[in-house]
Amino acid sequence: MPRRIVLPVAVVAAFALAVYAAADRPAATADAPKPLPEMKFDDVAEIAPGVFFRYSSISATDPTIPFGGSNHAWVVFKDYVVVVDANFPKEAADVLAAIKKTTNKPIRYVLDTHHHGDHAYGNSVWAREGARIVAHKTAARLLKVNGPKQWEDASKDREDLRKTELKQADVTFDDPYVLDDGTQRVEFRHFGHSHTAGDAVAYLPKLKILCTGDACVNGSFNYMGHSNTASWIKCLEGMEKLDVDVVGPGHGKLARKDLLATQKRYFADLRAEVKKGLDAKKSLDEIAAGIDLPWYKEWTGKAAKENKDNVKHVYDELTGKVDHDRLGAAPPPLDWRAEPRGFVGR
Ligand SMILES: [Zn+2]
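Quick note on this note's numbering: the sequence shown kicks off at 1442 and runs consecutively.
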C-alpha cells in the first residue's frame, strides 16, 4: 500500500528539513519575538494570549479599497473585554461582530484614542453593548466642544451618523488610566499633543504591545491638521522609552517598535525640509514641490510631496500661523489653558 511507504518518507524529509533549518538559523532564544502575523484587510489575529488585533481596510494609494476606519485591538480580561477605538457606527458594528467570534465576555471599556470620527463616532454602538467610553480629558473635551458641529458636517456623507447620535465619553482620565485584573494589564497613557491635543495610547506592559491610535500610523495616513509636530516628535520619543515589541497603529499594518522611529522621522524630515525652504526664502508651493524623501515613498507607496496639506501645516507652524493652544478647538475649550501641554515626560 503506497500510503505506508509515502508517510515515513515525508516524515523523514520534514525532519531533515527541520534540522537543516535549525542549523541554518541563529539559535532561537526564549526572547526571540514571534513573527508578526500576515494579515489581509479586516483579518483578526490573536497577537498575544487574549489580545486581538483587527487590521481594518484602508488604503492611501488605492481608491478602490473600501474605507474600514481605524484598526482595533481588544483585550480579553477574566470577566470583561477592553476595546481600543470606537470607529464610525457602521464599522463599529462590523468590529463588534468580529469581537463576538473571539469571546462571549461583555465589553466593559472602549478607549477613544482621540476625538476624530473614525475613532469616536461609534461610541453609541459600544454603549448599547453596556460599555463605558473612556477618553483622555482633552479628547473628551474636544469631542464635547467640537464634536456636534463636526458630526453634523460628517453626517452629510454618512448614513450611519444620520441614524445614530453622538455619544460623549463616560470616563475621562488625566494620565495614566490603568485596568489590571491580575491576568491582563492595560494602561491608557497620554504623551502630550501629537496627532491631536488629546491622544491616548493603550500600553500592555506585560506583553510589550502598544496600540497608538493615530499618534503613530503605518503608511501615508497622517492627518496633521490638528497636530503639533514639534510636540508629536517628543511624544513618539516618550513612547520609544516604553518596553515595546509590537505596535498596533491606528491605521496600516501591525509593526515592530521601529515604526515609532519611522513615524518620527517623517515629522523631523518634513520640518527640516520646510525649514530649509523657508531659509532659502521659497514660497509654500516651491517648498512643497521640492520635498524629496525617497525613504517615505518606499515606506508608504506615496511621495511625501503629494501630501500637500501636511507640508502646509508644517509651513504654517514654522511661520507662526498655528496657535497650538487652540488647535482642534473652535471655539476653544473653556479651561484649555489648564491642560498640561507638550511632552509629559514619561
Ligand atoms: Zn485621527
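Idealized CB from N, CA, C, for every residue including glycine. As the structure is a computational prediction, the values presented were derived from the model and not from experiment.
Rounded Cβ spacing between residue i and residue j (contact assumed at less than 8 Å)
{"i": "F1529", "j": "D1640", "result": "Not confirmed; about 18 Å, so no contact."}
{"i": "A1514", "j": "F1482", "result": "Incorrect: roughly 16 Å between the Cβ atoms, too far for contact."}
{"i": "D1611", "j": "R1573", "result": "4 Å"}
{"i": "T1741", "j": "A1581", "result": "No, T1741 and A1581 are not in contact; Cβ-Cβ is about 31 Å, not under 8 Å."}
{"i": "F1420", "j": "H1557", "result": "One cannot answer for residue 1420 here, as it falls past the ends of the chain, which runs 1442 to 1787."}
{"i": "L1677", "j": "Y1644", "result": "That belief does not hold up - the Cβ atoms of L1677 and Y1644 are roughly 14 Å apart, past 8 Å."}
{"i": "L1651", "j": "V1642", "result": "6 Å"}
{"i": "L1725", "j": "K1753", "result": "6 Å"}
{"i": "F1662", "j": "I1499", "result": "7 Å"}
{"i": "F1632", "j": "I1674", "result": "Not really, about 11 Å apart at Cβ, beyond 8 Å."}
{"i": "L1620", "j": "V1551", "result": "At roughly 12 Å, the Cβ-Cβ gap does not stay under 8 Å, so L1620 and V1551 are not in contact."}
{"i": "G1510", "j": "D1559", "result": "4 Å"}
{"i": "L1583", "j": "A1638", "result": "7 Å"}
{"i": "V1575", "j": "F1518", "result": "Not a contact, Cβ separation roughly 14 Å."}
Residue i versus residue j - alpha carbon distance
{"i": "V1485", "j": "D1594", "result": "31 Å"}
{"i": "P1547", "j": "V1536", "result": "14 Å"}
{"i": "L1768", "j": "H1667", "result": "5 Å"}
{"i": "D1766", "j": "Y1664", "result": "18 Å"}
{"i": "L1607", "j": "A1539", "result": "23 Å"}
{"i": "S1565", "j": "E1727", "result": "45 Å"}
{"i": "N1751", "j": "H1636", "result": "12 Å"}
{"i": "E1800", "j": "L1695", "result": "No information on residue 1800 is available, as it lies outside the stretch 1442 to 1787 that the chain covers here."}
{"i": "Y1618", "j": "D1655", "result": "19 Å"}
{"i": "G1731", "j": "K1746", "result": "7 Å"}
{"i": "V1516", "j": "N1669", "result": "30 Å"}
{"i": "P1690", "j": "K1698", "result": "11 Å"}
{"i": "D1616", "j": "V1627", "result": "13 Å"}
{"i": "N1659", "j": "Y1737", "result": "11 Å"}
{"i": "T1543", "j": "D1710", "result": "41 Å"}
{"i": "K1585", "j": "E1739", "result": "39 Å"}
{"i": "P1504", "j": "G1623", "result": "44 Å"}
{"i": "K1716", "j": "T1605", "result": "45 Å"}
{"i": "V1687", "j": "F1508", "result": "24 Å"}
{"i": "A1744", "j": "R1549", "result": "41 Å"}
{"i": "H1555", "j": "G1718", "result": "32 Å"}
{"i": "W1592", "j": "E1570", "result": "22 Å"}
{"i": "A1671", "j": "D1553", "result": "23 Å"}
{"i": "R1599", "j": "V1755", "result": "30 Å"}
{"i": "W1567", "j": "V1685", "result": "28 Å"}
{"i": "P1476", "j": "P1589", "result": "43 Å"}
{"i": "H1634", "j": "V1763", "result": "14 Å"}
{"i": "K1541", "j": "R1706", "result": "38 Å"}
{"i": "T1760", "j": "K1722", "result": "12 Å"}
{"i": "N1545", "j": "T1653", "result": "26 Å"}
Range of the contiguous alpha helix (DSSP H) that encloses residue i
{"i": "T1756", "result": "Correcting the residue type first, residue 1756 is Tyr in the shown sequence and not Thr. First-last of the alpha helix (DSSP H) with Y1756: 1749-1759."}
{"i": "A1568", "result": "1564-1569"}
{"i": "L1583", "result": "1578-1586"}
{"i": "D1598", "result": "D1598 -> no alpha helix (DSSP H), and no H or E assigned at all."}
{"i": "A1561", "result": "1558-1561"}
Strand pairing of residue i, partner residues [DSSP]
{"i": "F1494", "result": "A1486, A1514"}
{"i": "L1651", "result": "Y1644, V1688"}
{"i": "R1626", "result": "D1621"}
{"i": "I1506", "result": "Answer by DSSP bridge pairing: none, since I1506 is not bridged."}
{"i": "I1574", "result": "V1551"}
{"i": "N1669", "result": "For N1669, which the question treats as bridged, DSSP gives no partner whatsoever."}
{"i": "N1659", "result": "G1693"}
Opening and closing residue of the beta strand (DSSP E) in which residue i lies
{"i": "I1548", "result": "1548-1553"}
{"i": "V1522", "result": "1522-1525"}
{"i": "V1536", "result": "It is not in any beta strand (DSSP E) - V1536 instead sits in the alpha helix (DSSP H) that spans 1530-1541."}
{"i": "V1612", "result": "1612-1614"}
In chain order, which continuous runs of the alpha helix (DSSP H) of length 4 or greater are located wholly inside the segment 1672-1739? Those alpha helix (DSSP H) runs which fall completely within the segment 1672-1739 and span 4+ residues are 1699-1720, 1725-1731.
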